[in-house]
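Just below is one structure, and these are the notes that go with it.
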Amino acid sequence: MKPLGPKNVVGLGFYQAARLIVWLLGRLMWRLRITGKENVPDSGPFLLCPVHRSNVDGPLTVIMTNRQMRYFAKAEMFRPAFFARIISAMGAIPVHREAPDRQALKTCLDVLNAGWPIVLFPEGGRKEGLTVEEIQEGAVYLAAKTGAPIVPVGIAGSDAVNPKGSSRIRFGKVTAIIGAPMHVSPSEEGGRMSRSDIRDTTENLRQQLQQLLDKAESAPS
Numbered sequence: 000m001k002p003l004g005p006k007n008v009v010g011l012g013f014y015q016a017a018r019l020i021v022w023l024l025g026r027l028m029w030r031l032r033i034t035g036k037e038n039v040p041d042s043g044p045f046l047l048c049p050v051h052r053s054n055v056d057g058p059l060t061v062i063m064t065n066r067q068m069r070y071f072a073k074a075e076m077f078r079p080a081f082f083a084r085i086i087s088a089m090g091a092i093p094v095h096r097e098a099p100d101r102q103a104l105k106t107c108l109d110v111l112n113a114g115w116p117i118v119l120f121p122e123g124g125r126k127e128g129l130t131v132e133e134i135q136e137g138a139v140y141l142a143a144k145t146g147a148p149i150v151p152v153g154i155a156g157s158d159a160v161n162p163k164g165s166s167r168i169r170f171g172k173v174t175a176i177i178g179a180p181m182h183v184s185p186s187e188e189g190g191r192m193s194r195s196d197i198r199d200t201t202e203n204l205r206q207q208l209q210q211l212l213d214k215a216e217s218a219p220s
């Protein structure tokens, strides 16, 4: 596996500190329960694809596996420069959400091809409610190009501990359920999928995310 870069050692230190903080919050404030960790691959690249209802969903992913993850972060978070250095050291990849970001996509392909796992929210951004609506096709495209499996995750309760529009972290119950990996097989030579296959596989992923979200929502307190 290739290193993240010259700041990998520094990044690992930040990353482990972040894991400890999230773990403590989970134990002390959120009555956090994560099931399905056995579904996370022990080696090789994969795409961890959670539903997204809260700003704490991203931090939660760091304790879903002992492996160091890479993840997308909106470009605005890379300002000011000192904060950009911190989150870059932790493995963040900037993405411009208002338009297709070809460089971010290329970087994601490079990360997966180097053997690293990455967090990708298929809904494209933070949503509200209990319905997983139309999701983006990027995860399926990347899985088809690299052979990396997609690991779907349902998260319930995170919207209550960090409501939209609030910077406060509250007490509550958070449940995360990690689903079985999806293996995407290209239907054409050269690692390509037909447009219809991409749409069908993306819909399959959406349905799995909905099932995991429903299961997490109905989990006993």
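When we follow numbering that gives the first Met the number 0, the leftmost residue of the sequence shown carries the number 0, and every step to the right adds one.
Glycine included, every Cβ here is placed at the ideal spot set by N, Cα and C.
DSSP places Gly153 in the strand class (E or B) of the three-state scheme. Secondary structure note for Pro49: its beta strand (DSSP E) is the uninterrupted segment Leu46 to Pro49.
For Val94, the uninterrupted beta strand (DSSP E) run begins and ends at Ala91 to Val94, by DSSP. A direct Cα-Cα distance of roughly 8 Å separates Val50 from Lys126. Apart from sequence neighbours up to five positions away, the residues of its chain that approach Gly156 with a beta-carbon distance below 7 Å are Gly171, Lys172, Val173 and Thr174, ordered along the chain. Along the region 21-60, the beta strand (DSSP E) occurs as fully enclosed runs of 3 or more residues at 32-34 and 46-49, listed in sequence order. Take Gly35, set aside five residues on each side of it, and the residues of its chain with a beta-carbon closer than 6 Å to its own are Ile176 and Ile177, in chain order. Put simply, of Arg18, Leu47, Pro121 and Gly146 the residue whose alpha carbon is nearest the alpha carbon of Gly137 is Pro121. Here Tyr70 is bridged, per DSSP, to Ala91 and Val118.
The C-alpha of Gly114 lies about 17 Å from the C-alpha of Val183. The three-state secondary structure of Ile134, taken from DSSP, is coil. Pro180 places its beta carbon less than 8 Å from that of Pro40. In the three-state DSSP reduction, Ile168 falls in the coil class, being neither helix nor strand. Beta bridge pairing from DSSP links Ile176 with Thr34 and Gly153. Under the three-state reduction of DSSP, Arg191 is assigned to strand. For the 8 Å CB-CB criterion, Val150 and Asn38 form a contact.
Proximity of the region 159-168 to the region 16-23 falls short of the contact definition, fewer than three beta-carbon pairs being nearer than 8 Å. From the listed residues Lys105, Ala16, Gln207 and Ala159, the smallest Cα separation to Gly128 is found for Ala159. DSSP links Met181 through a beta bridge to Ile149.
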